[in-house]
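> This is the structure I want to talk about, given as C-alpha coordinates.
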(Lines of atoms letter the chains of each structure in order from A and count residues from 1; the text may use other names and numbers.)
(Lines give C-alpha, C1' and ligand atoms only; values in the text may rest on other atoms or scores of the structure.)
Protein backbone atom coordinates (compact mmCIF):
# COMPACT_ATOMS: atom_id res chain seq x y z
CA UNK A 1 0.00 0.00 0.00
CA UNK A 2 1.46 3.37 -1.02
CA UNK A 3 2.39 6.08 1.39
CA UNK A 4 -0.26 8.59 0.20
CA UNK A 5 -3.11 6.08 0.39
CA UNK A 6 -2.08 4.98 3.91
CA UNK A 7 -2.10 8.58 5.07
CA UNK A 8 -5.56 9.13 3.60
CA UNK A 9 -6.95 6.04 5.34
CA UNK A 10 -5.43 7.05 8.67
CA UNK A 11 -6.99 10.47 8.41
CA UNK A 12 -10.33 8.96 7.48
CA UNK A 13 -10.55 10.76 4.12
CA UNK A 14 -11.42 8.83 0.96
CA UNK A 15 -10.36 10.47 -2.36
CA UNK A 16 -13.34 11.45 -4.53
CA UNK A 17 -13.55 10.04 -8.05
CA UNK A 18 -13.47 12.50 -10.96
CA UNK A 19 -16.85 13.84 -12.07
CA UNK A 20 -18.08 12.36 -15.32
CA UNK A 21 -19.19 15.35 -17.44
CA UNK A 22 -20.86 15.61 -20.84
CA UNK A 23 -18.66 18.07 -22.71
CA UNK A 24 -19.94 20.40 -25.44
CA UNK A 25 -18.13 20.28 -28.77
CA UNK A 26 -18.95 23.45 -30.70
CA UNK A 27 -16.43 22.68 -33.44
CA UNK A 28 -18.32 19.69 -34.82
CA UNK A 29 -20.37 19.81 -38.02
CA UNK A 30 -23.93 18.46 -37.97
CA UNK A 31 -26.15 17.31 -40.78
CA UNK A 32 -29.78 17.25 -39.71
CA UNK A 33 -33.17 18.10 -41.25
CA UNK A 34 -34.68 21.53 -40.55
CA UNK A 35 -38.43 22.17 -40.54
CA UNK A 36 -38.62 25.83 -41.58
CA UNK A 37 -42.07 26.39 -40.08
CA UNK A 38 -40.75 25.43 -36.64
CA UNK A 39 -37.94 28.00 -36.71
CA UNK A 40 -40.32 30.55 -35.16
CA UNK A 41 -43.41 30.31 -32.97
CA UNK A 42 -46.94 30.69 -34.32
CA UNK A 43 -47.48 34.20 -32.98
CA UNK A 44 -44.14 35.63 -34.14
CA UNK A 45 -44.31 39.19 -35.51
CA UNK A 46 -42.50 38.23 -38.73
CA UNK A 47 -45.50 36.07 -39.69
CA UNK A 48 -47.80 39.08 -39.27
CA UNK A 49 -45.53 41.24 -41.45
CA UNK A 50 -45.45 38.58 -44.19
CA UNK A 51 -49.25 38.28 -44.16
CA UNK A 52 -49.72 42.05 -44.08
CA UNK A 53 -47.39 42.67 -47.05
CA UNK A 54 -49.14 39.88 -48.95
CA UNK A 55 -52.46 41.73 -48.65
CA UNK A 56 -51.07 45.01 -50.00
CA UNK A 57 -51.23 46.13 -53.63
CA UNK A 58 -47.72 45.43 -54.96
CA UNK A 59 -48.46 45.94 -58.67
CA UNK A 60 -45.91 48.76 -58.97
CA UNK A 61 -43.16 46.42 -57.74
CA UNK A 62 -44.03 43.69 -60.26
CA UNK A 63 -44.50 46.04 -63.23
CA UNK A 64 -40.84 46.29 -64.29
CA UNK A 65 -39.95 42.59 -63.87
CA UNK A 66 -38.91 41.17 -67.24
CA UNK A 67 -38.60 37.52 -66.18
CA UNK A 68 -41.88 35.81 -67.15
CA UNK A 69 -43.11 32.24 -67.47
CA UNK A 70 -42.46 30.56 -70.80
CA UNK A 71 -39.46 32.75 -71.63
CA UNK A 72 -35.83 31.82 -71.01
CA UNK A 73 -34.19 33.62 -68.12
CA UNK A 74 -33.45 33.41 -64.42
CA UNK A 75 -36.32 33.94 -61.95
CA UNK A 76 -36.15 36.97 -59.65
CA UNK A 77 -36.75 37.24 -55.93
CA UNK A 78 -40.40 37.85 -55.09
CA UNK A 79 -40.92 41.55 -54.20
CA UNK A 80 -43.13 40.41 -51.32
CA UNK A 81 -40.09 38.70 -49.78
CA UNK A 82 -37.74 41.66 -50.28
CA UNK A 83 -40.32 44.11 -48.90
CA UNK A 84 -40.96 41.88 -45.88
CA UNK A 85 -37.23 41.61 -45.20
CA UNK A 86 -36.82 45.38 -45.24
CA UNK A 87 -39.86 46.03 -43.05
CA UNK A 88 -38.88 43.40 -40.49
CA UNK A 89 -35.32 44.73 -40.47
CA UNK A 90 -36.59 48.27 -39.91
CA UNK A 91 -38.63 46.96 -36.98
CA UNK A 92 -35.39 45.64 -35.50
CA UNK A 93 -33.62 48.94 -36.15
CA UNK A 94 -31.54 47.52 -39.02
CA UNK A 95 -31.17 49.72 -42.11
CA UNK A 96 -28.13 48.14 -43.81
CA UNK A 97 -28.50 45.72 -46.73
CA UNK A 98 -25.26 43.98 -45.69
CA UNK A 99 -26.55 43.46 -42.16
CA UNK A 100 -29.87 42.04 -43.43
CA UNK A 101 -27.99 39.60 -45.67
CA UNK A 102 -25.85 38.56 -42.68
CA UNK A 103 -28.94 38.03 -40.50
CA UNK A 104 -30.43 35.79 -43.20
CA UNK A 105 -27.53 33.39 -42.60
CA UNK A 106 -28.37 32.58 -38.96
CA UNK A 107 -31.36 34.49 -37.51
CA UNK A 108 -34.45 32.22 -37.30
CA UNK A 109 -36.95 34.95 -38.27
CA UNK A 110 -34.99 35.96 -41.37
CA UNK A 111 -34.37 32.30 -42.24
CA UNK A 112 -38.10 31.64 -42.01
CA UNK A 113 -38.82 34.51 -44.40
CA UNK A 114 -36.26 33.33 -46.95
CA UNK A 115 -36.93 29.62 -46.48
CA UNK A 116 -33.22 29.17 -45.67
CA UNK A 117 -32.26 30.67 -49.03
CA UNK A 118 -29.44 33.24 -49.22
CA UNK A 119 -30.38 36.73 -50.45
CA UNK A 120 -27.39 38.75 -51.63
CA UNK A 121 -26.99 42.21 -50.12
CA UNK A 122 -26.65 43.67 -53.64
CA UNK A 123 -30.17 42.42 -54.39
CA UNK A 124 -31.52 44.06 -51.23
CA UNK A 125 -29.72 47.36 -51.83
CA UNK A 126 -30.64 47.57 -55.53
CA UNK A 127 -34.29 46.85 -54.72
CA UNK A 128 -34.33 49.58 -52.07
CA UNK A 129 -32.79 52.12 -54.45
CA UNK A 130 -34.88 51.18 -57.49
CA UNK A 131 -38.20 51.36 -55.61
CA UNK A 132 -37.33 54.09 -53.11
CA UNK A 133 -40.47 56.22 -53.53
CA UNK A 134 -42.83 53.24 -53.67
CA UNK A 135 -41.18 51.66 -50.62
CA UNK A 136 -41.39 54.90 -48.65
CA UNK A 137 -45.13 55.07 -49.39
CA UNK A 138 -45.51 51.41 -48.48
CA UNK A 139 -43.58 51.81 -45.23
CA UNK A 140 -45.82 54.71 -44.23
CA UNK A 141 -48.87 52.59 -45.02
CA UNK A 142 -47.58 49.74 -42.87
CA UNK A 143 -46.78 52.16 -40.04
CA UNK A 144 -50.35 53.45 -40.29
CA UNK A 145 -51.76 49.94 -39.97
CA UNK A 146 -49.49 49.15 -37.01
CA UNK A 147 -50.54 52.40 -35.34
CA UNK A 148 -54.23 51.65 -35.96
CA UNK A 149 -53.79 48.22 -34.36
CA UNK A 150 -52.20 49.82 -31.30
CA UNK A 151 -48.74 48.37 -31.91
CA UNK A 152 -47.25 51.87 -32.17
CA UNK A 153 -48.28 54.37 -29.50
CA UNK A 154 -45.71 57.20 -29.88
CA UNK A 155 -45.95 57.63 -26.12
CA UNK A 156 -42.16 57.83 -26.09
CA UNK A 157 -39.89 58.06 -29.14
CA UNK A 158 -36.14 57.53 -28.92
CA UNK A 159 -34.20 59.62 -31.44
CA UNK A 160 -30.54 59.62 -32.37
CA UNK A 161 -28.22 60.38 -35.26
CA UNK A 162 -25.44 58.18 -36.58
CA UNK A 163 -22.68 58.87 -39.08
CA UNK A 164 -22.69 56.47 -42.01
CA UNK A 165 -19.53 56.35 -44.11
CA UNK A 166 -20.06 57.28 -47.75
CA UNK A 167 -18.69 55.30 -50.69
CA UNK A 168 -16.35 58.20 -51.49
CA UNK A 169 -12.71 58.18 -50.44
CA UNK A 170 -10.76 61.16 -49.10
CA UNK A 171 -8.80 61.26 -52.36
CA UNK A 172 -11.98 61.77 -54.42
CA UNK A 173 -12.45 65.33 -53.09
CA UNK A 174 -11.55 68.01 -55.66
CA UNK A 175 -11.49 71.82 -55.81
CA UNK A 176 -13.65 73.73 -58.29
CA UNK A 177 -10.90 74.30 -60.88
CA UNK A 178 -9.92 70.63 -60.82
CA UNK A 179 -13.55 69.53 -61.11
CA UNK A 180 -14.12 71.74 -64.13
CA UNK A 181 -10.99 70.33 -65.83
CA UNK A 182 -12.17 66.77 -65.22
CA UNK A 183 -15.66 67.66 -66.48
CA UNK A 184 -14.26 69.16 -69.68
CA UNK A 185 -12.20 66.03 -70.35
CA UNK A 186 -15.17 63.78 -69.65
CA UNK A 187 -17.35 65.69 -72.13
CA UNK A 188 -14.64 65.40 -74.79
CA UNK A 189 -14.36 61.65 -74.20
CA UNK A 190 -18.13 61.20 -74.48
CA UNK A 191 -18.15 63.09 -77.78
CA UNK A 192 -15.28 60.95 -79.10
CA UNK A 193 -17.06 57.75 -78.12
CA UNK A 194 -20.07 58.96 -80.07
CA UNK A 195 -17.96 59.02 -83.24
CA UNK A 196 -17.92 55.53 -84.86
CA UNK A 197 -14.58 56.33 -86.52
CA UNK A 198 -12.83 57.22 -83.27
CA UNK A 199 -12.10 53.58 -82.36
CA UNK A 200 -12.73 50.22 -83.93
CA UNK A 201 -14.53 48.53 -81.03
CA UNK A 202 -17.24 45.95 -80.87
CA UNK A 203 -20.70 47.43 -80.49
CA UNK A 204 -21.25 46.06 -76.98
CA UNK A 205 -17.84 47.25 -75.75
CA UNK A 206 -18.36 50.69 -77.28
CA UNK A 207 -21.79 51.07 -75.67
CA UNK A 208 -20.47 49.96 -72.29
CA UNK A 209 -17.61 52.46 -72.41
CA UNK A 210 -19.90 55.24 -73.56
CA UNK A 211 -22.32 54.50 -70.73
CA UNK A 212 -19.48 54.54 -68.18
CA UNK A 213 -18.21 57.86 -69.52
CA UNK A 214 -21.69 59.39 -69.39
CA UNK A 215 -22.10 58.24 -65.79
CA UNK A 216 -18.71 59.76 -64.95
CA UNK A 217 -19.73 63.01 -66.64
CA UNK A 218 -23.00 63.07 -64.70
CA UNK A 219 -21.18 62.55 -61.40
CA UNK A 220 -18.80 65.39 -62.20
CA UNK A 221 -21.68 67.70 -63.14
CA UNK A 222 -23.41 66.82 -59.87
CA UNK A 223 -20.18 67.53 -58.01
CA UNK A 224 -19.85 70.97 -59.63
CA UNK A 225 -23.47 71.81 -58.70
CA UNK A 226 -22.92 70.70 -55.10
CA UNK A 227 -19.75 72.77 -54.89
CA UNK A 228 -21.52 75.87 -56.23
CA UNK A 229 -24.30 75.42 -53.66
CA UNK A 230 -21.75 75.18 -50.84
CA UNK A 231 -19.95 78.29 -52.10
CA UNK A 232 -23.25 80.18 -52.26
CA UNK A 233 -24.19 79.22 -48.70
CA UNK A 234 -20.73 80.18 -47.42
CA UNK A 235 -20.87 83.54 -49.14
CA UNK A 236 -23.85 84.47 -46.96
CA UNK A 237 -21.84 85.52 -43.94
CA UNK A 238 -20.03 82.27 -43.16
CA UNK A 239 -16.72 82.63 -41.35
CA UNK A 240 -15.25 79.98 -43.69
CA UNK A 241 -16.22 81.78 -46.90
CA UNK A 242 -12.56 82.34 -47.89
CA UNK A 243 -11.66 78.68 -47.42
CA UNK A 244 -11.42 76.63 -50.62
CA UNK A 245 -14.34 74.23 -51.01
CA UNK A 246 -13.82 70.62 -52.11
CA UNK A 247 -16.41 68.07 -53.23
CA UNK A 248 -16.17 64.33 -53.93
CA UNK A 249 -16.30 63.29 -57.58
CA UNK A 250 -17.80 59.89 -56.72
CA UNK A 251 -20.30 60.89 -54.01
CA UNK A 252 -20.95 64.65 -54.37
CA UNK A 253 -23.56 64.89 -51.62
CA UNK A 254 -21.27 63.42 -48.95
CA UNK A 255 -19.62 65.72 -46.41
CA UNK A 256 -16.52 65.26 -44.27
CA UNK A 257 -17.71 64.45 -40.74
CA UNK A 258 -16.26 63.26 -37.45
CA UNK A 259 -16.80 59.51 -37.12
CA UNK A 260 -17.53 57.61 -33.91
CA UNK A 261 -13.91 56.44 -33.54
CA UNK A 262 -12.52 59.98 -33.75
CA UNK A 263 -11.50 59.94 -37.42
CA UNK A 264 -12.81 62.26 -40.13
CA UNK A 265 -14.20 60.93 -43.40
CA UNK A 266 -16.87 61.39 -46.11
CA UNK A 267 -20.18 60.60 -44.44
CA UNK A 268 -23.90 61.14 -44.14
CA UNK A 269 -25.75 61.92 -40.92
CA UNK A 270 -28.62 59.40 -40.60
CA UNK A 271 -31.40 60.40 -38.19
CA UNK A 272 -33.50 57.54 -36.78
CA UNK A 273 -36.64 57.78 -34.62
CA UNK A 274 -37.85 54.61 -32.86
CA UNK A 275 -41.04 53.98 -30.91
CA UNK A 276 -39.84 52.97 -27.43
CA UNK A 277 -42.61 50.46 -26.74
CA UNK A 278 -42.67 48.50 -30.01
CA UNK A 279 -39.02 49.13 -31.06
CA UNK A 280 -40.35 49.99 -34.54
CA UNK A 281 -38.60 52.72 -36.52
CA UNK A 282 -41.13 55.48 -37.18
CA UNK A 283 -38.93 58.00 -38.97
CA UNK A 284 -35.66 58.08 -40.93
CA UNK A 285 -33.85 61.04 -42.44
CA UNK A 286 -30.48 61.58 -44.09
CA UNK A 287 -28.76 64.95 -43.79
CA UNK A 288 -25.46 66.60 -44.72
CA UNK A 289 -25.13 68.30 -41.36
CA UNK A 290 -22.04 67.21 -39.38
CA UNK A 291 -23.88 67.81 -36.07
CA UNK A 292 -27.32 66.95 -34.66
CA UNK A 293 -28.02 70.42 -33.28
CA UNK A 294 -30.71 71.35 -35.83
CA UNK A 295 -32.13 67.87 -36.53
CA UNK A 296 -34.71 67.39 -33.76
CA UNK A 297 -37.57 69.47 -35.17
CA UNK A 298 -37.32 67.88 -38.67
CA UNK A 299 -37.37 64.45 -36.96
CA UNK A 300 -40.62 65.25 -35.15
CA UNK A 301 -42.11 66.54 -38.41
CA UNK A 302 -41.18 63.28 -40.17
CA UNK A 303 -42.88 61.20 -37.49
CA UNK A 304 -46.00 63.36 -37.78
CA UNK A 305 -45.97 62.99 -41.59
CA UNK A 306 -45.61 59.21 -41.36
CA UNK A 307 -48.19 58.57 -38.66
CA UNK A 308 -50.43 61.62 -38.57
CA UNK A 309 -49.55 62.51 -34.97
CA UNK A 310 -46.64 63.84 -32.97
CA UNK A 311 -44.77 61.90 -30.31
CA UNK A 312 -45.78 62.65 -26.75
CA UNK A 313 -42.16 62.44 -25.60
CA UNK A 314 -38.84 62.65 -27.44
CA UNK A 315 -35.73 61.20 -25.79
CA UNK A 316 -32.41 62.48 -27.18
CA UNK A 317 -28.77 62.84 -26.21
CA UNK A 318 -26.93 66.08 -25.44
CA UNK A 319 -26.13 66.72 -29.11
CA UNK A 320 -29.76 67.69 -29.75
CA UNK A 321 -30.21 69.78 -26.61
CA UNK A 322 -30.08 73.50 -27.34
CA UNK A 323 -32.37 76.44 -26.76
CA UNK A 324 -33.82 76.47 -30.29
CA UNK A 325 -34.72 72.77 -30.07
CA UNK A 326 -36.29 73.21 -26.63
CA UNK A 327 -38.41 76.12 -27.78
CA UNK A 328 -39.51 74.20 -30.89
CA UNK A 329 -40.58 71.19 -28.79
CA UNK A 330 -42.42 73.46 -26.38
CA UNK A 331 -44.30 75.04 -29.28
CA UNK A 332 -45.21 71.59 -30.66
CA UNK A 333 -46.25 70.43 -27.17
CA UNK A 334 -43.77 67.55 -27.17
CA UNK A 335 -42.06 66.64 -23.89
CA UNK A 336 -38.30 66.71 -24.45
CA UNK A 337 -36.11 64.41 -22.36
CA UNK A 338 -32.35 64.77 -22.62
CA UNK A 339 -29.16 65.77 -20.83
CA UNK A 340 -27.68 69.25 -21.15
CA UNK A 341 -24.01 69.32 -22.09
CA UNK A 342 -21.90 71.51 -19.81
CA UNK A 343 -20.48 73.36 -22.80
CA UNK A 344 -23.97 74.27 -24.09
CA UNK A 345 -24.06 77.54 -22.18
CA UNK A 346 -27.83 77.22 -21.66
CA UNK A 347 -29.26 78.44 -18.40
CA UNK A 348 -32.02 76.11 -17.18
CA UNK A 349 -33.49 78.97 -15.14
CA UNK A 350 -34.03 80.98 -18.34
CA UNK A 351 -36.15 78.13 -19.74
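Numbering (my numbering), first residue to last: 282 to 632.
Glycine included, each C-beta is placed from N, C-alpha and C at the ideal position.
1. What first and last residue would you give for the alpha helix (DSSP H) that runs through residue 579?
2. By how many angstroms is the C-alpha of residue 365 removed from the C-alpha of residue 319?
3. Buried or exposed: residue 576, going by 16 or more other Cβ atoms within 10 Å of its Cβ?
4. Roughly how many angstroms lie between the CA atoms of residue 332 and residue 437, to the nearest whole one?
5. Would you mind reading off the limits of the alpha helix (DSSP H) that contains residue 616?
6. Classify residue 581 as buried or exposed, calling it buried when 16 or more other Cβ atoms lie within 10 Å of its own Cβ.
7. Assign residue 547 to one of three DSSP states: helix, strand, or coil.
8. Figure out for me which residue from 562, 533, 572 has the closest Cα to the Cα of residue 539.
9. From the DSSP secondary-structure annotation, give me the bridge partner or partners of residue 446.
10. When the Cα atoms are used, what is the spatial distance from residue 343 to residue 335?
11. Straight-line CA distance for residue 347 to residue 415?
12. Alpha carbon to alpha carbon, how far is residue 439 from residue 388? Give it in angstroms, no decimals.
13. With a threshold of 6 angstroms on Cβ separation, who are the neighbours of residue 378 within its own chain once the five nearest residues in sequence on each side are excluded?
14. Evaluate the contact criterion for the segment 385-400 versus the segment 409-425: three or more CB pairs, one atom per stretch, below 8 angstroms.
15. Using the beta-carbon count (16 or more within 10 Å), is residue 586 buried or exposed?
16. Going by DSSP in three states, residue 359 sits in which element: helix, strand or coil?
17. Pick helix, strand or coil for residue 569, following the three-state DSSP scheme.
Reading off the structure:
1. Taking the first residue of the chain shown as 1, we reach residue 579 at position 298. Residue range 577-588 is occupied by the alpha helix (DSSP H) that includes residue 579.
2. In the chain shown, the residue the question calls residue 319 occupies position 38. In the chain shown, the residue the question calls residue 365 occupies position 84. When rounded, the distance between both Cα atoms is 19 angstroms.
3. Translated into positions along the chain shown, residue 576 becomes position 295. Its Cβ being crowded by 16 or more others within 10 Å, residue 576 is buried.
4. Mapped onto the chain shown, residue 332 falls at position 51. Mapped onto the chain shown, residue 437 falls at position 156. About 28 angstroms.
5. Residue numbering aside, residue 616 sits at position 335 when the chain shown is read from its first letter. It is not in any alpha helix (DSSP H) - residue 616 instead sits in the beta strand (DSSP E) that spans 616-618.
6. Here residue 581 refers to the residue found at position 300 of the chain shown. Looking at its Cβ environment, which holds 16 or more other Cβ atoms inside 10 Å, residue 581 is buried.
7. Position 266 of the chain shown holds residue 547. In this structure, residue 547 counts as strand in the three-state DSSP scheme.
8. Against the chain shown, residue 539 aligns to sequence position 258. Answer by Cα proximity: 572.
9. If you number the chain shown from 1, residue 446 lands on position 165. Its beta-bridge partners are 548.
10. Here the question's residue 343 lines up with position 62 in the chain shown. Here the question's residue 335 lines up with position 54 in the chain shown. One C-alpha to the other measures close to 13 angstroms.
11. As a first step, residue 347 must be located in the chain shown, where it is residue number 66. As a first step, residue 415 must be located in the chain shown, where it is residue number 134. Taking the straight line joining both Cα atoms gives about 19 angstroms.
12. Indexing the chain shown from 1 puts residue 388 at position 107. Indexing the chain shown from 1 puts residue 439 at position 158. If I take the Cα positions, the gap works out to 25 angstroms.
13. Within the chain shown, residue 378 is the residue found at index 97, counting from 1. Here the set comprises 402, 405, 406.
14. no
15. Counting from 1 along the chain shown, the entry for residue 586 is found at position 305. With fewer than 16 other Cβ atoms within 10 Å, it is exposed.
16. As a working note, residue 359 is residue 78 in the chain shown. DSSP places residue 359 in coil when its eight states are reduced to three.
17. Translated into positions along the chain shown, residue 569 becomes position 288. Looking at residue 569 - three-state DSSP - the assignment turns out to be coil, as it is neither helix nor strand.
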